[in-house]
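What follows is a single structure, written as structure tokens, with notes after it.
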Amino acid sequence: MKKYRITLLSMLVISSVFCISLLFSIQFPINASTMEDDSKLAIEVKITEEASEEAIVSLFSYSTDDDELYNDNYITADYRTEEQTADVGLMAIQSYESEPVDATDNAEAANSTDDTNDTNSTNGADNTGDISLAEDADNTESGSNSPEYRKYEDSQEEQCKAAFNYLEALEAAREVAKSKYFNIGISIAKEFVNMRKKATTESESLGKLYRNSACTIIEEQDGWYYVESGGITGYVKAEYIKTGIPDEELIQKYGTQKVIVTVDGLNVRKEPSTDSKRLTVIYKNEKYPITQTIDGWYKIKVEDENIEGYVKAEHTELDVTFKEAVSKKEEERLAELKAEERAKKETAVKYRDDVNYTSDELKLLACLVHAEAGTQGYEGKLAVANVVINRMKSSKYPNSMKEVIYQSGQFSVARSGSLQKQLDNYANYKSTSQKMSIKAAKDALEGANNIGNRLYFQSYKAAVKKGYHKKPNSVKIEDHLFW
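Residue 243 in numbering that gives the first Met the number 0 sits at position 244 of the sequence shown, and the numbers go up by one each step.
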């Protein structure tokens, strides 16, 4: 059994020492640029390193009486050679597993070495000198069964465990240090996950982390991640964030790659060869999207010149960016921009069959338009005129202009007298706004339409108060909302 344990532990030590030689040849702990000093792993490694340094020294001191093993050179950053380190670790384990000295036959020998004193001092015991196990009058047990020996053995085992834990922590830290994006998480929410002010679903949402967007994880707290993304710092549910993604997969699947030119001028070639035709020249600090990577070359897109070509990778730096969270204010602004874009598309003037009309009908429609949208531009006036035309064409309303305009409960200006005032003054229409109202009415009758089949409108502020802006077909044109 002991031989088995010797073999197993020996293999562990030998496999670990290679990692040690590599680890101590690089700077450690992890650079602050890739990990915050107060991050969980940095603290864990730091604590483990401090707590276990004495354990490593003490472990090696058990291996032999050879004074060379006490030399500080064996616990410096390079640990000498791999072979020397392996010998030290192996002897330490073999010492731990070797047959003990029989305390009853040779009590003095069992307690006269510095190793035993080191054991007591390492574990914080008040060591005032050699203790003879044979002189313990109350101890009826002897040899490997004695309490003192068991204490000695347990102490060695604890030192071994501390040493192996230390090595494992260093190996884990080394693996983390390999990844440039070790603290990047990706949203796997169906659409988005809220970033909240506090770690609770009742807390205010500061923004949204949309699917496949990235965040930098600062810390974990009870099923939540405290993250930063897009200038927002907040809490997201950990279940919606994927972590531990290998760098290559992270970059290829979720990142946008660009090159940054690092030389004064760089040729863009038609093919990935210095003998290929030069298409253009790009200059220092300029950025260009990468479309392909091949044998030390990047294929890039020079959008301004509508060119795709190759540049040598050695003259560039790789810049990788990820989609980020969108703040609440940005979300609102994006919604407005989308609404404006949709409005532009949907309110572009299209033509349909014209409507037969008389001069009196043109007058009536022009006066209605001026009464409803006299302070607005041409688009707003044309839209109001088309509401009347749409209703004339709809089965929901009468089919004559006069009946549509004077229908009870419809156009407020018809009830208030404002429309009549415009009709009485129609002969004096001379201002730019008045002439524009006539033109908008005439164009609508002749087929110009900028609101599609919409039948209703109201002042924008009043419509928003009533929630009409939430209707899927609502569109804002100047000071009115149409739906």
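We put the CB at the ideal spot given by N, CA and C, even for glycine.
Values in this document were obtained by computation on a predicted structure and should not be read as measured data.
{"Asked": "If contacts are defined as beta-carbon pairs under 8 Å, then Ala439 and Ala384 qualify, I think. What distance do you get, rounded to the angstrom?", "Found": "5 Å"}
{"Asked": "Going straight from the alpha carbon of Glu96 to that of Ala168, what length do you get?", "Found": "Residue confidence for Glu96 is low, a pLDDT of 44 falling below 50, so the modelled location carries little weight; the figure read from the coordinates is stated next. Their backbone Cα atoms lie some 24 Å apart in a straight line."}
{"Asked": "Please state the DSSP three-state secondary structure of Gln256.", "Found": "strand"}
{"Asked": "Going by CA-CA distance only, name the one from Thr232, Tyr180 and Leu208 that's closest to Lys196.", "Found": "Thr232"}
{"Asked": "Rounded to a whole number of angstroms, what is the C-alpha to C-alpha distance between Tyr396 and Ala213?", "Found": "53 Å"}
{"Asked": "For the putative contact between Asp246 and Pro271, defined by C-beta atoms under 8 Å, what is the C-beta separation to the nearest angstrom?", "Found": "Contact doesn't hold; Cβ gap of about 24 Å is too wide."}
{"Asked": "Do you know whose CA, among Lys269, Lys276, Ala324 and Asp274, lies nearest Tyr297's CA?", "Found": "Lys269"}
{"Asked": "State the DSSP-derived secondary structure class of Thr320, mapped to helix, strand or coil.", "Found": "strand"}
{"Asked": "Cα separation between Phe191 and Ala426?", "Found": "59 Å"}
{"Asked": "Taking a contact to mean a Cβ-Cβ separation below 8 Å, would you say Ala237 touches Tyr253 in this structure?", "Found": "no"}
{"Asked": "Going along the chain, which residues of its own chain have a beta-carbon closer than 8 Å to the beta-carbon of Ala342, five neighbours each way excluded?", "Found": "Val474, Lys475 and Ile476"}
{"Asked": "Nearest to Gln457 by alpha carbon, out of Ser202, Lys441 and Phe410?", "Found": "Phe410"}
{"Asked": "Measure the C-alpha to C-alpha separation of Asp478 and Gly408 and round it to an integer number of angstroms.", "Found": "21 Å"}
{"Asked": "Determine whether the beta carbon atoms of Pro356 and Ala447 lie at a separation below 8 Å.", "Found": "Per the sequence shown, residue 356 should be read as Tyr rather than Pro. Not closer than 8 Å, so no."}
{"Asked": "Mind checking which residues open and close the alpha helix (DSSP H) that includes Ile281?", "Found": "Here Ile281 belongs to no alpha helix (DSSP H); instead the beta strand (DSSP E) covers Arg277 to Tyr282."}
{"Asked": "Any idea if Lys276 is buried or exposed, counting beta-carbon neighbours within 10 angstroms, 16 or more meaning buried?", "Found": "exposed"}
{"Asked": "Could you give the C-beta distance for Thr292 and Ile299, rounded to a whole number, given that I count them as a contact under 8 Å?", "Found": "Wrong, their Cβ atoms sit about 10 Å apart, outside the cutoff."}
{"Asked": "Looking at the strands, I want to know which residues DSSP matches up with Leu265.", "Found": "Ile281"}
{"Asked": "Contact check, Leu363 vs Ile404 under 8 Å by CB: the rounded distance?", "Found": "6 Å"}
{"Asked": "Can you say whether Leu336 is buried or exposed, counting buried as having 16 or more other CB atoms within 10 angstroms of its CB?", "Found": "exposed"}
{"Asked": "Taking the straight line between their C-alpha atoms, what separation do you get for Tyr180 and Met194?", "Found": "21 Å"}
{"Asked": "Quick check on the burial criterion: 16 or more other C-beta atoms within 10 angstroms. Buried or exposed for Thr315?", "Found": "buried"}
{"Asked": "Would Gly308 be called buried (16 or more neighbouring beta carbons within 10 Å of its own) or exposed?", "Found": "buried"}
{"Asked": "Could you tell me how far apart the beta carbons of Asp263 and Lys283 are, in whole angstroms, since I believe they sit closer than 8 Å?", "Found": "5 Å"}
{"Asked": "Between Lys207 and Glu330, is the Cβ-Cβ spacing less than 8 Å?", "Found": "yes"}
{"Asked": "Using the three-state DSSP reduction, which class does Thr80 fall into: helix, strand or coil?", "Found": "Residue confidence for Thr80 is low, a pLDDT of 41 falling below 50, so the modelled location carries little weight; the figure read from the coordinates is stated next. Coil at Thr80, not helix or strand."}
{"Asked": "Closer than 6 Å by C-beta to Ile250: which residues in its own chain qualify, once you throw out the five before and the five after it? Chain order, please.", "Found": "Val319"}
{"Asked": "Between the beta-carbon of Ala372 and the beta-carbon of Ser228, is there less than 8 Å?", "Found": "no"}
{"Asked": "Can you tell me whether Asn472 is buried or exposed? The criterion is at least 16 other CB atoms within 10 Å of its CB, across all chains shown.", "Found": "exposed"}
{"Asked": "What are the boundary residues of the alpha helix (DSSP H) that Thr357 is part of?", "Found": "Unbroken run through Thr357: none, as it is neither H nor E."}
{"Asked": "Under 8 Å between the Cβ atoms of Ala365 and Leu418?", "Found": "no"}
{"Asked": "Taking its Cβ as the centre, do 16 or more other Cβ atoms sit within 10 Å of Ile216, making it buried, or is it exposed?", "Found": "buried"}
{"Asked": "Terminal residues of the continuous alpha helix (DSSP H) containing Ala384?", "Found": "Tyr377 to Lys392"}
{"Asked": "Can you find the residues in the same chain that come closer than 8 Å, C-beta to C-beta, to Asp221, ignoring five residues on each side of it along the sequence?", "Found": "Ala198"}
{"Asked": "Which term fits Gln158, buried or exposed, when burial requires 16 or more other beta carbons within 10 angstroms of its beta carbon?", "Found": "buried"}
{"Asked": "When DSSP builds the beta bridges, which residues end up paired with Glu484?", "Found": "What the structure shows of the chain is the stretch from 0 to 482, and residue 484 is not part of that stretch, so it cannot be assessed."}
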